[in-house]
Structures are given as structure tokens and as C-alpha cells.
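Read through the structure below, which is laid out as C-alpha cells, and then see the notes.
Chains as they are written, first to last, in my numbering: chain H, 1 to 272; chain A, 1001 to 1889.
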């Protein structure tokens, strides 16, 4: 429902106004680069990965330039697991798996600066099923029927739960951040439609007949939910928010990004 | 009743009187310091020395000769012009005053200076006076001023005794009261759009005098008064930061899509800024848009815009008069920090039945009014509806085809004159916006207000108005998604009792006092859900509060030159149960919850709000004024969208959300030129704001958590200078306004706790408005607007998270939108004009230069080259033409 309201109101506004868009040259002030950390630890093997990069100027290209030479480790109950570089700016530990209830501490030291974060592994909630529904919003750019995935799960009543869903269409990862929580659905059987906004009308993002769709459900920590929520409301550059701002990170030391310890489970369907 | 009244009144006033002495001393001292003593006077026409010989010539010819010899003009009425009195004058280098005194001495005529002219009046009492003993003492003349054609009361009409330096103006119900020395007087009554009326009175006791004024259109030329143009700013009144507009003045200003709009018009005045392209929202002196109290017949209107803000809720057909106070509110108003926009509806013609209306490109309007019982009672119904959505039916898109996008509103009013002393008014407003995308999603919102008022005249000096007011704003959202349906309902509702009294205590003091009690009910959200989404229907807790205020204020005319208004408004805001109230930690997490039962007091905030203003007339043409006011605000609109949304939340003060407070100090200089044809105003202000409310970074708007968990608090400051040059008479009328200002906020938790520009901080803001009566049939108009772009936050870098681009920000609102400019053109062609039927066609062209003003700027990956990012500007309106047909019969 949240995402529906989020998309609906601007969509109605846009429809109501015959607006005209034009790319313009703006003089933007460049800031000194900041480190960006994406730290992930899952309950599956191979799921421990930290990416380190830096912010770029607006006029630069979008390629990520990884930062090498950092000391990266994750500590679990005083046991330190080092992460070693596997490619430029990517650090991994192939054996470490997150376990329920454990609190993990991330430490990244680069060029004399240390960034730390802690995150607890939430309990796993089972993803019961996924299915496709037709969009009520309209069709794909080329006129074919737009479809969205609906996920079905049973939210546990005893805890506050936060979810993130990642969608792959023919193994292409959807950029939209798809979040859910149990603020209005605690203890219920939940069917949530994963509305994503194909903002650049890229046909490979749409779900079409014959496409294979994989949904990854992640049970995430409240601070990680807050990070992604504030990322999507404040930092997408969409111009709807009166006060764009950097997301609320769970990393201390002045880096952008997040450290998420979460469960992972996947379901697959083929679009009819 | 009267006795109770007096007792109550003295209790209220006595503490005020005690501090008044201090105020007087302090303010006089301040003014002496602040003003340069004006010793340069314009030479009085009476001081002119002339040499002239007139031998037994009729009065009119004699006066013409004096004019020819001296250059001094005379004004007089028919009685004077047709008089058979003959004058003989033989003067060598004598002051004109002496000459006239001598020449007119034996005749029933007197003369007074009126600006640079001399007014000659017939004075029947003069002969009597010379023999009769002077009665002495002072008496009060009072009554109601209304239009002879429609019976509408006239607000702000000026009543001046031409022979004494005494005057007043009619109040918002057309009532006036003027205390004068016993004897014969001539009253000159003037008002915008009305022919100036002269009334002769012979005061031997206090008396009632209702005055009917004729429309200007039927003005007869026999009376030529070159007094101040009607509606000219009152130079001597201590009230500052105020603009009064009658609806006629706004008639010819070109507007978007031909919909006349009072809010768009006030945005062209200095210190008042538009909230964005085509927006019905506005900012006053750096205040936020929720810091404006918008009153329609005394009822607060919580969302004053239609159709996503492009139109205001005020249908010009139903409106008589608007006043906007830019922070220096009289004590009778309170509850908002930045301004009061006080809109008065027409009462309805009690003389004859009439229909008027118009058909435009997007909307049609109709206004019906007439007497219920002639001279006694009347009604008015005014309605409009947009039909822009009719075009949607032609859309190819199946959803657009079934979509709805319209608004309507209805103003209705009736009034009944119960007798000489009592009058009842019942007025209502109902408006609704509907926005619906096929069957999928819809939102509708609207205001409903109702006001029942009773005017009572206790005696010639005491006027009372009692109001019972209802106001409601609500919105409903309906969303269908697959098998699910959601409904959200939110509401703010007021019940309000208000008593205002005006006591005209002699010729030196006018005291206003009264009280106000409002019971607020805020329903933040009711969510109902059906289907399989798992979302549980729930009601967020209602909030209840009682907002009370008492006030008293006195305008003291200390001397002919110096006036002082001093008063106090004491407001109390009591938060009432039932409900839960919270304690939070610094991150907004709940640490404690306390439950209050129904009616239990959670907290009361008491705020004394002093209001002081002083005016000093330098001469007949200019004055200086200074003013200080404190305002408190207990209802806060929490918004994080750029352009205001119908779903923005009204939140009452709680144990955590403190009342917002503003202190404003302003100083101004006022000057009229060219026989009051031009007026120049300069005002400068400094405003300090406390307990400002803003969303936290990353706040969640759709949450069932207490709203306080999403908020941060801080302070603000705003200062600026405003210039206005206005021409009110002649074929060419209009104004130039310029504002230079700065507006900043400092909120704990935002921008590293440092000062930053508020979004509405616009350094320069210029508006030029011109209306030109080209021929009898054609009126041309134009307005031009230029302002510095809003302060906004643009990215200072970018980065990738999970394969998508996000933007990096450093300082809040450190960037600027591109400067805005727009020229609008308008033309009105009178088609038919008779006493039975009138019609005209109005053409307008909005943004006639086609400037691509930025409505918003956003950032995205380039669609053609996703490895690059681009800034994209959205423009809403370029070259928007419109045509409207208006009629009246």
C-alpha cells in the first residue's frame, strides 16, 4: 500500500499536468569524495561480501571505481573473520555465514580512516509463494500488459519484521528498492505486490511472457530498513522530496552505505 | 446584561491600562529617536498672498477669478455653485486665508483646506451660530454604511468631518462611530467603487445615521471632491503590514486559465510570495505556507487550494473584500505566525434580484442573489465547477478515459436585518476536489465551513459581533490493487465561538476586545482494508484540543499627528485526552507512553501575545510607523513535498510539539504623491521564529507511529525590506512591488545544526501590475513577475548502491532554482452594458514570453546513455491562452 501511494500520487500529478521535460546544464558544486561501503552478510555460504568505492562528481560517468588496499573484517563474538580482496574494491570471506541472533561487527580501515558498523541477524520468515498479477496502472511502454510479482508470506506476530525483496528478470537485477514491514500487517498472512517503477522504460526490466523471474526475500534489520527507506525517499534525485538528504546509514565514521546481515531465500517462476 | 458587560470589560482592561502608561512613554521615546523631526510643511493654500479686485460678482465667478489669480483650486457642491451671493474683494498682497475670511464673513459659507485645495461649504448654522449660544460638549454619530444599489454593507469606507480633523472608517460589518463636538458638521464619506457622499449633520445629541452610497458608475459630476482617492492607505492609522483589496481591483489582472483568483493577486504584493508556478499557496515574510490564517467569513479554511494548488478555494464572484495582515495582526486575530488573510463574502443584494456568471475554458460560474424581503433580508448563492476532465474522455489511454479531475465549490449566504440594532448572517462554503484514475485510485478532499453571526449595536459607541463557526477539512483516498481495496480518511474539525466588541470611547480612543474558544478534533487517519494484503483496518488516535484566547486593544489618537495601538492577546492551548502521549529519545524512539482519559488535560500552553503599533504623521502626505507583534501557533502542517499535497498533515501541539512563536518588529515610511494619486510604501521587518517543526531526514509519512517520532524542532529568522509604488486612479492603474529578503532556519539535526536558507528564501522578488482603460470598451492589463529561484538542495556527487545511481548531498538548500520570470497579458472587451444586462469577454495569455520556468529539477541516468547522469527541468506552463465570457443581469 505504501508503495502504491508513493507511485500513485506523482503519477496522478503527472497525468494532470501537461508538463514538459528538458535536460539542462546545471552548475553543481563538487564535493570531496566520500567512501561508500556496501557490506552484506547472509545466512548462505558465499554471502559475505563488502564493496568499497567512492562518490564521484555529477558530471563523471557512472562506473564504480573500487577502492583497493583496505583492511576489512567482520567480528562475531570476538572472533575476527578477515575479508580478502577478490576484485577491485570487493572484499570477501568465502566461509563466513550469518547465524540467527548473532551480532556482527564490520570494520573497514582505508587510508588511515576506520569505519565500523554492527548488525544482528534477524529470524528467517518463510516466503510461501510468488505469483504474477496484472498491473492496474497501465501497460508497458510498448503496449504489452504490465505485470508485477506478488509475494505471499506469513508475518510472525511476536516480532517486528522488516523485509526487502530483490527481483531478477532473466537474471537482470531490478534496481528498484522493494521494501515491506509489518507495521500494518503484524501477525497476518501478507500478499504484497512488488510495484517497481520502470523509470527509464527499459524493456528488459519488464516482466514478459516466457521471462524467468526470481524473487529473493531478505529479512533485514530495522536499521537496514531505515537505510533503504531513506535512500529511496531522499537520495534518488527524483525531485519530489522537498529536502533531499543522504540516507540514514548504520555505519559510523562518516562513510555512505550500509552493513546488512540478513536471511536469503529465493523463489522462481516463469511468466506465462 | 449591560452591567455584567461593563464589569467584565473593566476586569479585562484595567491591567492593560496600567501597562499602557509605560508603553506610551517607551514608544514615544522610541519614536522620537527613530524619526527625524519634520519641520518642512507644504505651504498651505491659505498662506498664499495674492492681489485681486472683485466687484460684486456671483460667488462661483469670484472663486474662479481667485483660482486664476492664485492657482489655488476650490471645491464645492451645487449649493455653493448656484448661490446668488455676490462678493466684493479688494486685496493687495494679502494671504488668501484672510481674504476669504473677510469676504465670506456675512454669508452662510465656510471654508477648509483639503489637501492643496480649498473647500467651500454651505453652512446654514453659521448665521444661527453667530447668535445662538454654543451648546458645547461632544456627541457621537454612528450607523451603517451600505451601497444604495445592492444594500451590501461597505467595509473600510472613510468617514471624515470636513470641518474638524476627525475621521474614522467603517468596520468589517459597515458600522462606524464618530465622536464630534456639538454643532453642525459636514461628513465626507468615501469608499472604493462608490461615489463620494457628503452628508450634513447637526449634532445636538448622539444620533444614528445610516448612509447609503451610490455606485461610482452612476456618479454625478456635480460634486467634485479632490480628497484622497477612496481606498488610499490610511497614513495616520498605526496598522502596518496590511493590504486591503476590494474585489473590483483584482478584476482585470490577467490570470492562469482565466480563473480570477484573490490569492494569485495578493502574491503580487510585496512580502507575499507564490509557493511556486501557478500555486495557490503563499509565503508571507519568510513564513511557511501553514503559517497563514485564511479566514472566509471568519471560518478558518485549512486547505485553501483546488486542483493540486493551481486554484484557490475562493470564488471571486462571492467575495466582497480581502485584507491581508503581514504579521502585524490586530489582537483580534491569532493562531498563525505569519499572516492573516481575511476574506469577506458578499451579503447578497437586498434591493433587487440578479444573476451573474461566466464561462471559461476550464470552469463555469454562476452567482444568484436577491432580496428575501426587500431592505430586510437577502441571500446569495455562488457556485462553480471545472470541466477540464471532459477532455479526458477523448484520451486514447483507457485509464485516462475513465479518470476524473474536477473541483466544485458553493458559497451560500443569507442575512436578515432584525431591526435597527441587530443583524444576523448565515454563511457557508462547501468545496470538493475529485481526482480519480480509472477504478484504481482516487482521492477527494474538501473544506466545509459555516458561520452564524449576530451583529448587535448596544449604543452609538459599542458594537458587538458574536460568531458561531464550524470548519471542516477532510480527505479520502481509495486505492484498488488486485483483490485489495484500501480506504484512508483523515479530518480536522473545529467548533468555534467568538465574541468581538468595539467600543468607540470618544474621539481619542477605540477599544476592541473579545474572546474566542475553539474546540479542535483531528483525526489523523482511519485506514480500512479488504482483501488479502494482510493490512489491518485501524484508526490512529484522534487528537483533541481547546484553543482559547482573550484580547483587548486600544487605538489611542494621542494628538492629530500621533496614534498608538496597544493591546494584548492571551492565548491558551489545552491538549485534551483521550489518547496516548509519549516521551522520546534523541533518535525519535519511544521511551515512555502515558495514557490520558477522555477530557483529561494533557498540557496547557499559555502565551501572552503583545501587539503594539504607532504612527506619526509627518505631514498630510507622509507618515512613519513602527510595530511589534508576537504570535503563537498551535496547529502545524507537516509537509515534505515540494508543492503541498492534500494529504499534508495538520498536527496540534502536544507535550513534545511546542507552540510555534514569532516576534516581528517592523518600521515603515508612507508617502503619497500628486494629490494622493500615487502612494509609496516602504516597510522593513525582522522576524524571529521559535519552535519550528520539520521532518527528520528519512521520515516516514505513512506510519502509525506517533508523528513526533518523525519530527525535529528548531528556530528561524527572516528579515527584509518591501517597496510598493501604487497608482490608484486614472486610466492607468497598477503597482510596482519589490521585496529584498532573507529567510533562514536552524533545526537541531538538520544541516549539522547550522543555519540554512529556507526553501522560500528568495532574495529578490519583483512584480509589476498595470491596468489601462484604453477605450470605453477595452481594458488592457499586464503583469510581470521576477524572483530569485527557491533555495534547494542539489547533489554534490553520486554513487552506486546495488547497481543503481544515488546522489550525494552536503548542505541543505545551498543551491538555487533558476530565477523565475513571467509576463501575463490580459484584455477585457465590454460587449453590452445597460442597466438590465452587462457582458464582457476576457482574454488572457499566461507566460506570454514563453519562458521555461523550472517547476522542479530532478536527476536521473541519461535514458540514451545510462553511463551518464543528467539534470532535467520540468516546466508546466508556457503560452497558456484563455478566454472567458462573463455576464450579469
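Using N, Cα and C, we set each Cβ at its ideal position, and we do this for glycine too.
Cα-Cα separation, residue i to residue j
i: residue 1372 of chain A; j: residue 1688 of chain A; result: 50 Å
i: residue 1821 of chain A; j: residue 1617 of chain A; result: 37 Å
i: residue 98 of chain H; j: residue 220 of chain H; result: 12 Å
i: residue 1646 of chain A; j: residue 1186 of chain A; result: 54 Å
i: residue 1629 of chain A; j: residue 64 of chain H; result: 56 Å
i: residue 1636 of chain A; j: residue 1404 of chain A; result: 31 Å
i: residue 1237 of chain A; j: residue 1527 of chain A; result: 52 Å
i: residue 1401 of chain A; j: residue 1438 of chain A; result: 7 Å
i: residue 1181 of chain A; j: residue 1119 of chain A; result: 20 Å
i: residue 1027 of chain A; j: residue 1614 of chain A; result: Bear in mind that a pLDDT of 34 at residue 1027 of chain A, under 50, signals an unreliable position, so the number given afterwards is only what the model happens to contain. The alpha-carbon atoms of residue 1027 of chain A and residue 1614 of chain A are separated by roughly 8 Å.
i: residue 1273 of chain A; j: residue 1192 of chain A; result: 26 Å
i: residue 1881 of chain A; j: residue 1257 of chain A; result: 7 Å
i: residue 1588 of chain A; j: residue 223 of chain H; result: 13 Å
i: residue 1784 of chain A; j: residue 1736 of chain A; result: 9 Å
i: residue 1103 of chain A; j: residue 1375 of chain A; result: 46 Å
Same chain, Cβ closer than 8 Å to residue i, neighbours up to 5 away in sequence not counted
i: residue 956 of chain A; result: An answer regarding residue 956 of chain A cannot be provided, because it is not within the stretch 1001 to 1889 covered by chain A.
i: residue 1879 of chain A; result: 1845, 1846, 1847, 1848 and 1850
i: residue 1022 of chain A; result: Here the model assigns residue 1022 of chain A a pLDDT of 34, short of 50, so the residue's position is not dependable and the matter cannot be decided.
i: residue 265 of chain H; result: 124, 126, 127, 216 and 217
First and last residue of the uninterrupted beta strand (DSSP E) at residue i
i: residue 1304 of chain A; result: No beta strand (DSSP E) contains residue 1304 of chain A, which DSSP labels as neither H nor E.
i: residue 76 of chain H; result: 71-76
i: residue 270 of chain H; result: 256-270
i: residue 1094 of chain A; result: 1086-1095
i: residue 1836 of chain A; result: Element bounds for residue 1836 of chain A: n/a, residue is neither H nor E.
i: residue 1890 of chain A; result: The requested residue 1890 of chain A does not occur in the structure, where chain A is confined to residues 1001 to 1889.
i: residue 1059 of chain A; result: Where residue 1059 of chain A is concerned, there is no enclosing beta strand (DSSP E), although the alpha helix (DSSP H) it sits in stretches over 1059-1070.
i: residue 1610 of chain A; result: 1601-1619
i: residue 1873 of chain A; result: 1869-1875
i: residue 1167 of chain A; result: 1166-1169
Same chain, Cβ closer than 6 Å to residue i, neighbours up to 5 away in sequence not counted
i: residue 1128 of chain A; result: At residue 1128 of chain A, the pLDDT of 46 sits below 50, so the modelled position is not reliable and the matter cannot be decided from this model.
i: residue 1486 of chain A; result: 1479 and 1529
i: residue 1448 of chain A; result: 1430 and 1472
i: residue 1874 of chain A; result: 1855 and 1856
i: residue 1665 of chain A; result: 1628 and 1686
Cutoff 7 Å; reference residue i; Cβ partners in own chain excluding five residues on either side
i: residue 1368 of chain A; result: 1355 and 1381
i: residue 1044 of chain A; result: 1113
i: residue 1640 of chain A; result: 1695, 1699 and 1701
i: residue 1773 of chain A; result: 1731 and 1779
Segment limits, alpha helix (DSSP H) that includes residue i
i: residue 225 of chain H; result: 222-234
i: residue 167 of chain H; result: Counting along the chain, residue 167 of chain H falls outside any alpha helix (DSSP H), though it belongs to the beta strand (DSSP E) covering 162-169.
Residue i beta carbon near the ligand FMN (any heavy atom closer than 8 Å)
i: residue 1826 of chain A; result: In the structure on display, the ligand FMN does not appear, and there are no ligands present to speak of.
Interfacial residues, the stretch 1501-1534 of chain A to chain H, with Cβ spacing under 9 Å:
Legend: CB atoms of the stretch 1501-1534 of chain A lying less than 9 Å from CB atoms of chain H belong to residues 1527, 1529, 1531, 1532, 1533 and 1534.
Please list, in chain order, the residues of the stretch 54-70 of chain H that have any C-beta partner in chain A closer than 9 Å.
Within the stretch 54-70 of chain H, the residues whose Cβ lies closer than 9 Å to some Cβ of chain A are 54, 55, 56, 57, 58, 59, 60, 61, 62, 63 and 64, listed in chain order.
Tell me whether the stretch 125-132 of chain H and the stretch 197-206 of chain H touch, counting them as touching only if at least three CB pairs, one residue from each stretch, are closer than 8 Å.
By the Cβ rule, the stretch 125-132 of chain H does not count as touching the stretch 197-206 of chain H, because fewer than three pairs are nearer than 8 Å.
Contact list for the stretch 1861-1882 of chain A against chain H, Cβ threshold 8 Å:
When C-beta distances to chain H are compared with 8 Å, the residues of the stretch 1861-1882 of chain A below that value are 1861, 1862, 1863, 1866, 1867, 1868, 1869, 1870, 1871, 1872, 1873, 1874, 1875, 1876 and 1878, in chain order.
Positions along the stretch 184-196 of chain H whose CB lies within less than 8 Å of some CB in chain A
Answer set for the stretch 184-196 of chain H: 184, 185, 186, 188, 189, 190, 191, 192 and 193.
Along the stretch 241-258 of chain H, where does the CB come closer than 9 Å to a CB of chain A? Name the residues.
Within the stretch 241-258 of chain H, the residues whose Cβ lies closer than 9 Å to some Cβ of chain A are 241, 242, 243, 244, 245, 246, 247, 248, 256, 257 and 258, listed in chain order.
Beta carbons nearer than 9 Å to chain A: which residues of the stretch 198-216 of chain H have them?
The stretch 198-216 of chain H vs chain A, Cβ under 9 Å: 199, 200, 201 and 202.
Check whether the stretch 255-272 of chain H touches the stretch 116-126 of chain H, counting contact only when three or more Cβ pairs, one atom from each stretch, lie closer than 8 Å.
Yes: at least three Cβ pairs fall under 8 Å.
Scan the stretch 1791-1803 of chain A for residues whose Cβ lies nearer than 8 Å to a Cβ of chain H and list them as they occur along the chain.
Within the stretch 1791-1803 of chain A, contact with chain H at the beta-carbon level (separation under 8 Å) is assigned to 1793, 1794, 1795, 1796, 1797, 1798, 1799, 1800, 1801, 1802 and 1803.
Is the stretch 102-110 of chain H close to the stretch 65-81 of chain H, with three or more CB pairs under 8 Å?
The stretch 102-110 of chain H and the stretch 65-81 of chain H touch, with no fewer than 3 CB-CB distances between them shorter than 8 Å.
Counting pairs of Cβ atoms below 8 Å between the stretch 1264-1282 of chain A and the stretch 1792-1806 of chain A, do you hit three or more?
Between the stretch 1264-1282 of chain A and the stretch 1792-1806 of chain A, the count of Cβ pairs shorter than 8 Å is below three; the stretches do not touch.
Taking contact to mean at least 3 C-beta pairs separated by less than 8 Å, is the stretch 1831-1845 of chain A in contact with the stretch 52-60 of chain H?
In short, these stretches do not touch, since the Cβ pair count stays below three.
Which residues of the stretch 1365-1388 of chain A have a Cβ closer than 8 Å to any Cβ of chain H? Give them in chain order.
For the stretch 1365-1388 of chain A, which is checked against every Cβ of chain H, not one residue is closer than 8 Å.
Select from the stretch 1468-1489 of chain A all residues with a C-beta closer than 9 Å to any C-beta belonging to chain H, and list them in chain order.
Of all residues in the stretch 1468-1489 of chain A, 1477, 1479, 1480, 1481, 1482, 1483, 1484, 1486 and 1488 have a Cβ within less than 9 Å of some Cβ in chain H.
Mind checking the stretch 1834-1859 of chain A against chain H and listing, in chain order, the residues whose C-beta falls within less than 9 Å of any C-beta there?
Listed by position, the residues of the stretch 1834-1859 of chain A near chain H (Cβ gap below 9 Å) are 1852, 1854, 1855, 1856, 1857, 1858 and 1859.
Does the pairing of the stretch 198-212 of chain H with the stretch 1539-1556 of chain A give three or more beta-carbon distances under 8 Å?
When C-beta atoms of the stretch 198-212 of chain H are compared with those of the stretch 1539-1556 of chain A, fewer than three pairs fall below 8 Å, so the two segments do not count as touching.
Could you tell me whether the stretch 1103-1117 of chain A touches the stretch 1143-1161 of chain A, where touching means 3 or more Cβ pairs closer than 8 Å?
Contact between the stretch 1103-1117 of chain A and the stretch 1143-1161 of chain A is absent, with fewer than three C-beta pairs closer than 8 Å.
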